[in-house]
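Mapping the sequence shown onto the numbering used here, position 120 (from 1) lands on 125, and the numbers just tick up by one.
The beta-carbon is built from N, C-alpha and C at its ideal position, and this holds for glycine as well.
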Amino acid sequence: MKYDFDTVINRRNTDSLKWNVGAGELPMWVADMDFATAPEVTKAIIKRAEHGVFGYSEVPDEFYDSIIKRWKTAHGLAIKKEWICFCTGVVPAISSIVKRVTNHGDKVVLQTPVYDIFFHSVENAGRQVLENPLRYENGRYSIDFEDLESKLSDPLSTMMILCNPHNPTGNIHTREQLAEIGRLCNKHGVTLLSDEIHCDLTDDGYSYVPYLSAGSECLNSVTCISASKAFNIAGLQCAAAVIPDAALRNKAVRGLNSDEVAEPNCFAAIATAEAFNKGGEWLNELRAYLTRNKKTAARVIAEKLPMLKLTEQHATYLLWIDCAAVADDSDSLAAFIRKHTGLYLSSGAQYRGNGKTFLRMNAACPESVLLDGLDRLYNGIKSYVK
Ligand SMILES: Cc1ncc(COP(=O)(O)O)c(C=O)c1O
């Protein structure tokens, strides 16, 4: 390997949200990696910083060009420049677009368990969450299309937020599934927003399908993308909403502007362009490393904690662990493990759906740290069961 993912970088006392924990605690919760970003990205940031003048910035052409090139070469999707709207994060974009595209009291369909902040974006805006629970059978999740159509046909449903690939289940949606979602949304006049922030974090040998590439019925939609998850630059606050339809785009852009989430800081767009343009080799090595970490976790859990079940999945670095055999309340299980071992995991309950018997563990760390986390998980579960 050309790049180093084994060195443990001390992130304490760096104002890290993830690492703001007690001495001896090990945080494996929020989706933030413990690796330094691609050196090419750091170099570009240092070069910009050395200029020393940090006035207001515009979004440079390189930002748009890098997205167009990356999606064409890596994901087989032709994006037009005018479709791309800069925004300061995927969550700011979602919150803003929910407010612009739906009305107070409307319902927004979410496939649960799902990234918990979607609930906040919807409910803080006075809209209602309508759950389309994912089916869970034999350790795998799938979409219940019959239930989805019944939820989309509710007269109050005006929007659906898709997570592609899905956090926390790690599912990669197929082209056929995406096309069917597009057909149903069109049929029932529901605007689809596809959050594709995890798209570059597929396992070695796997790739994702952009919603926009799944057919003509998928074009009247919003896709949110960012380099932030794959390159670990979430703190730079940079994302894009890709919106082919001009009328929907105008509406969304009015929202992004009036919510003041459409202007970049002077490092954001540069870092994103550099990541997409020059970070390919680093990203491939990262994906191989993460795939190996996930296999290690699966092996250790199968050998030492056979009562837990790891959900079968091929995207994201998040392990979604079925703990139904040992606990029926993930909040108290997660709190117990943290108190007794210092391991800080996400409780599945916050993702709703059937999440309350699951824990989410972030495996994006050096292997030695992962092994420490798995050891603590083993000790925590053993003590809990006693
Ligand atoms: C599905 C999903 N969307 C959005 C975000 C956050 O996006 P941003 O930091 O760009 O607001 C996350 C972070 O974990 C996520 O998992």
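Any heavy atom of ligand 1 closer than 6 Å to the beta-carbon of Cys204? no
Straight-line CA distance for Thr296 to Pro160? 43 Å
Got a sec? Which residues, its chain only, sit under 6 Å from Pro371 by beta carbon, not counting five neighbours each side?
Asp11, Val13
Report the CB separation of Pro170 from Cys204 in whole angstroms; it is logged as a contact under 8 Å.
7 Å
Check: Ala244 C-beta below 6 Å from any heavy atom of ligand 1: yes
Practice item. Drop a sphere of 10 angstroms on the beta-carbon of Lys361, count the other beta-carbons inside from all chains shown, and report buried for 16 or more, exposed for fewer. Key: Burial of Lys361 is indicated by the presence of at least 16 other C-beta atoms within 10 angstroms of its C-beta.
Endpoints, alpha helix (DSSP H) assigned at Phe68
66-80
Thinking C-alpha only, which one of Tyr383, Ala232, Pro215, Phe236 is nearest Ser226? Pro215
* Asked: Which same chain residues, not among the five before or five after Arg180, have their C-beta less than 7 Å away from its C-beta?
  -> Val214, Ala219
_Local conformation of Glu30 per DSSP, three classes_ = In this structure, DSSP gives Glu30 a state outside helix and strand, which the three-state scheme calls coil.
Range covered by the alpha helix (DSSP H) that runs through Glu372 = 372-390
query: The beta strand (DSSP E) with Ala245 in it runs from where to where?
result: 244-247
Under 6 Å: does the beta carbon of Cys92 sit that close to some heavy atom of ligand 1? no
Practice item. Check whether the Cβ of Val96 lies closer than 6 Å to any heavy atom of ligand 1, and answer yes or no. Key: Yes; taking the cut-off as 6 Å, the Cβ of Val96 has a heavy atom of ligand 1 nearer than that.
- Task: Please find out if some non-hydrogen atom of ligand 1 comes closer than 6 Å to the beta-carbon of Asp250.
- Result: no
Residue from Gly284, Ala245, Leu364, Gly285 with nearest C-alpha to Leu313 = Leu364
*Mind checking which residues open and close the beta strand (DSSP E) that includes Leu167?*
Per DSSP, the unbroken beta strand (DSSP E) holding Leu167 starts and ends at 162-168.
On the CB-based measure, 16 or more other CB atoms within 10 Å of its CB, does Phe59 come out buried or exposed? exposed
Query raised in the report: Is Ser168 near ligand 1, in the sense that its beta carbon is under 6 Å from a heavy atom of that ligand?
Result: In the sequence as displayed, the identity of residue 168 is Cys instead of Ser. The answer is yes for Cys168.
Output the boundary residues of the beta strand (DSSP E) element that contains Val114. Looking at the DSSP string, the run of the beta strand (DSSP E) that includes Val114 is 112-115.
* Pair within 7 Å by beta-carbon distance, Glu308 and Ala49 -> no
How would you call Tyr349, buried or exposed, if buried means at least 16 neighbouring beta carbons within 10 angstroms?
buried
For Asp208, I'd like the list of residues in its chain whose CB is within less than 8 Å of its CB, leaving aside the five on either flank, ordered along the chain. Arg292, Leu295, Thr296, Lys299, His319, Ala320
- prompt: Near Ser221, which residues of its chain fall below 6 Å by C-beta distance, leaving aside the five closest residues on each side in sequence?
  reply: none
Spell out a yes or no on whether the region 126-138 and the region 181-194 are touching, meaning 3 or more CB-CB pairs, one atom from each, closer than 8 Å.
no
>> Mapping the DSSP letters down to three states, classify Asn367 as helix, strand or coil.
In response: Strand, per DSSP.
Exercise. Unbroken beta strand (DSSP E) runs of length 3 or more, entirely within the region 299-372: which are they?
Worked result: Qualifying beta strand (DSSP E) stretches, in chain order: 323-327, 363-367.
Given a cut-off of 7 Å on the beta-carbon distance, is the pair Leu431 and Val195 in contact? Given that the chain is displayed from residue 6 to residue 391, the structure contains no residue 431 and the question cannot be resolved.
Less than 8 Å between the CB atoms is what I'm expecting for Thr117 and Arg357, so what's the real figure, rounded?
4 Å
Whose C-alpha, out of Asn15, Asp121, Glu45, is nearest the C-alpha of Ile275?
Glu45
Practice problem: Along the beta strand (DSSP E) that carries Cys90, what are the first and last residues, could you check? | Solution: 89-92
Quick check: is any heavy atom of ligand 1 less than 6 Å from the C-beta of Ala239?
Yes.
**Study point:** Exposure of Gly260, with buried meaning 16 or more beta-carbon neighbours within 10 Å
**Key:** buried
Legend entry - Proximity below 7 Å, CB of Glu317 to CB of Gly210: no
Item checked: Tyr406: CB within 6 Å of a non-hydrogen atom of ligand 1 -> Since the first and last residues shown for the chain are 6 and 391, residue 406 lies out of range.
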